[in-house]
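Everything below concerns the one structure shown next.
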Amino acid sequence: MKLPAPNLNTLWASLLVEELIRSGTDYFCLAPGSRCTPLTIAVAENPKAKSVIHYDERGLAFHALGYARAKGKPAVVVTTSGTAVANAWSAVVEAAAERIPLLLLTADRPPELRDCAANQAIDQVKIFGDYARWFVDLPCPGLEMPPEVMLTTVDQALYRSCGAMGGPVQINCMFREPLAPEQQDAEFAEFSDYLRPVESWLTSGLPYTEYAAPERAISPDNLKKLVKLVEQAERGLVITGRLCSREERTAVTDLAQKLGWPVCADVTSGLRLGDASGLVIAHSDVLVRHNVFANAHRPELILHLGGSVVSKHLAAFVRRSNPSDYVLIADHPERHDPGHEVTLRIEADLKVLCPALAGKLGTRNESAWLVSWQDGMRSVHEWLRQFAQNQDNDNNDLNEPVLAYLVSRNIRPDNGLFLASSMPVRDMDVFADATGPAVHVAANRGASGVDGTIATAAGFAAGLKRPVTLLIGDLAFLHDLNSLNYLRNAEFPVIAVVINNNGGGIFSFLPIAHFEQFFEKYFATPHDLTFEHAASMYGLAYFRPGTRQKFLDCYNKAIESGGSAILEVTTNRKENHALHSKLVEDMQGALESYTSKGHK
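Per our numbering, the sequence shown starts with residue 575, numbered consecutively.
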């Protein structure tokens, strides 16, 4: 191949972009800027590069994060220098917290323009601190640095971003003028002598350095120890947090079937919706809040697979149960133990460990322990189903728990689901229909921030290459209005279901809500806004259903249109808090009839 090279800036940028693409990273998120011109031109001129352009670097970084969540490989964020880089901070924090691969190419001023009050120059060196898995400060392009150094730097950056301790990586790229692809250094117009050391790379079409995936199998001793713990436990419980891939979900499901234990699956695990195994205990959050049920279902052994869980009630149940053994298995070395309860921590690839453990276990008969969890779940689910589907005139209003149920039941099987932080992810975790379709679910639960949610959902859709439903609250929606531009231009649409309760609904569940003299102004922060004009501004379809049936009609219409849309549902914060309390009480009442029959 022949790289476009009117000057050395363009050549270096072209080398960088080409090596990224050869390594399988071909999705570039670009924001307009001057100092990043060589990088932007290199992306624009490479026919294998896919690009998305957005004027807001914060939204751009979250879009890349969403894409990486779906793909399991990094997108590339390209920014100009200065505060443009700082705008990526929130997304970098989220990526680091959940080890989501992300690569940032941050253009920078040359050394002579640092620390001298030059315009748009800030200290970008290690600006993301320990949240970046790796940082390199590339010098200004010059013939004194061999081209293979550039290529191996790219390869190392990708390896650091995608490994067991993967996450965000920053390559800081200094450029002197000329930044545009102007002809310069005519005697080096072809750069043939400079590129001679990488001639074989130019013709191969392959990455310069290939990094072999590390082996992350469980050791024989640890496997023997784990088998012994499992075989001794009569009352085992599986907890699954976020699982990163379909292969992980399959491996965990196969192991659960071999164990025959109840599975408390977080909504981000991918197992909570559309369970076909019969082992996932939907509404476990409600079950473990019931004192009689919880006391009668204390596990001896907990096997925790994957990431964190949303439900604080499940976490509290684990603490109260005080199991003899708490085994946590994840494919990274970080401490993942907020309750300080883990007694055995195994670092291994779930795709390797789960089949290895399953292969050591004998056939198990259906246990009374599993059946008791399943029966409790069915009693709660049946009550919720009747409540959510009640269409009589006295109970046809829309509310937040019912919205979670309706979306989970009516989302298309070939779509994705993205959940905003605060109440949407919690409501879906508790109230989602146990028999709804299996869809790919994601949420920004690393740092659990509300910023960048629309952009992340749009990136998630781009990575999945399928439409996505976004369930989001009004404050999170307001935080990211700029990113509605993604929805207008999205190849894969996003249906945003916006729950507008005129403020921060989650604060109504906190003790501060009892202090009315402070609560409304300083915490609930009502804004008195609706979003039809935002939809109009970005040319998006807009619906404002007021009943359950109208919501379903509008939701189906939006999906069938093939474009992005906003469905705004108005709820009342105080009524919502009271309803949540009543629903949990009523579902526990349904469970009461089950436990009163001696099913303890």
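Glycine included, every Cβ here is placed at the ideal spot set by N, Cα and C.
Straight-line gap, residue i to residue j (C-alpha atoms, nearest Å)
i, j, result
"Ala635", "Ala616", "19 Å"
"Asp968", "Arg643", "Confidence in Asp968 is poor, its pLDDT being 46 and thus under 50, which makes the residue's placement too unreliable to answer from."
"Ala567", "Tyr705", "Residue 567 lies beyond the residue range present for the chain, which begins at 575 and ends at 1174; the question has no answer from this structure."
"Ser819", "Asp767", "45 Å"
"Val1158", "Ala1164", "10 Å"
"Pro771", "Cys736", "28 Å"
"Gly1020", "Ala671", "5 Å"
"Ser982", "Gly1010", "6 Å"
"Asp1007", "Pro721", "56 Å"
"Ala1108", "Met951", "41 Å"
"Arg1122", "Leu1049", "23 Å"
"Met748", "Thr599", "22 Å"
"Met724", "Val1015", "37 Å"
"Gly1113", "Phe1051", "17 Å"
"Leu817", "Gly880", "6 Å"
"Cys928", "Thr827", "9 Å"
"Val901", "Pro907", "14 Å"
"Glu956", "Asp1001", "17 Å"
"Ser625", "Val1004", "38 Å"
Limits of the unbroken alpha helix (DSSP H) element including residue i
i, result
"Gln1123", "1122-1135"
"Ser953", "942-962"
"Cys736", "721-736"
"Ala830", "820-833"
"Cys610", "Looking at the DSSP string, Cys610 is not in any alpha helix (DSSP H), and its letter there is neither H nor E."
Chain-order list of residues whose beta-carbon lies under 7 Å from that of residue i (same chain, five-residue window excluded)
i, result
"Gly1026", "Arg632, Gly633, Phe636, Ser664, Ala665, Asp1054"
"Glu1166", "none"
"Ser895", "Arg872, Pro873"
"Lys1039", "Phe1066"
"Gly1137", "Pro1067, Ala1115"
"Gly913", "Ala889, Val892, Arg893"
Per-residue DSSP class, three states only, for residue i
i, result
"Asn1076", "coil"
"Glu1159", "helix"
"His864", "coil"
"Asn746", "strand"
"Glu592", "helix"
"Arg1197", "Lying outside 575 to 1174, the shown extent of the chain, residue 1197 is not represented and no answer is given."
"Leu624", "Checking the sequence, you will find Lys at residue 624 rather than Leu. Note: Lys624 maps to strand in three-state DSSP."
"Thr783", "coil"
"Asp968", "In this prediction, Asp968 scores a pLDDT of 46, lower than 50, which makes its location untrustworthy; the coordinate-derived value is nonetheless stated afterwards. The answer is coil: DSSP assigns Asp968 none of H, G, I, E or B."
"Tyr1112", "coil"
"His878", "strand"
"Asp899", "strand"
"Gly990", "strand"
"Pro580", "coil"
"Ala904", "strand"
"Ile1086", "helix"
"His1014", "strand"
"Gly1047", "strand"
"Leu935", "coil"
Range of the contiguous beta strand (DSSP E) that encloses residue i
i, result
"Val854", "Taken as a continuous stretch (DSSP letters only), Val854 belongs to no beta strand (DSSP E), as it is neither H nor E."
"Val710", "708-712"
"Glu1142", "1139-1144"
"Leu634", "It is not in any beta strand (DSSP E) - Leu634 instead sits in the alpha helix (DSSP H) that spans 631-645."
"Ile813", "810-814"
"Val602", "Just to set this straight, residue 602 is Phe in the shown sequence, not Val. Where Phe602 is concerned, the enclosing beta strand (DSSP E) stretches over 601-604."
"Leu845", "Segment: none, Leu845 is in no beta strand (DSSP E) and carries neither H nor E."
"Leu717", "Element bounds for Leu717: n/a, residue is neither H nor E."
"Ala571", "The structure shown does not extend to residue 571, since the chain spans only 575 to 1174, so no value can be given for it."
"Arg919", "918-921"
Distance cut-off 7 Å: residue i Cβ against heavy atoms of the ligand NAD
i, result
"Ala754", "The ligand NAD is not part of the structure shown, which contains no ligands of any sort."
Check whether residue i and residue j have beta carbons under 8 Å apart
i, j, result
"Ser1057", "Ala1032", "yes"
"Gly640", "Gly1037", "yes"
"Val999", "Val841", "yes"
"Cys714", "Thr653", "no"
"Ile781", "Ser597", "Just to set this straight, residue 781 is Pro in the shown sequence, not Ile. The answer is yes: Cβ separation under 8 Å."
"Trp708", "Val651", "no"
"Leu833", "Leu993", "no"
"Arg790", "Met739", "no"
"Asn1074", "Thr1104", "yes"
"Leu980", "Phe1125", "yes"
"Asp899", "Leu924", "no"
"Leu991", "Val1143", "no"
"Ile985", "Thr1030", "no"
Spatial neighbours of residue i in its chain, beta-carbon cut-off 8 Å, leaving aside the 5 residues before and after
i, result
"Gly815", "Asp840, Thr842, Ser843, His878, Leu879, Gly880, Gly881, Ser882, Val883"
"Val1024", "Ala994, Ser995, Ser996, Gly1047, Leu1049, Ala1050, His1053"
"Val591", "Phe602, Leu613, Ala616, Val617, Asn620, Ala623"
Contacting residues, own chain, Cβ-Cβ under 6 Å from residue i (five flanking each side not counted)
i, result
"Arg938", "Gly834"
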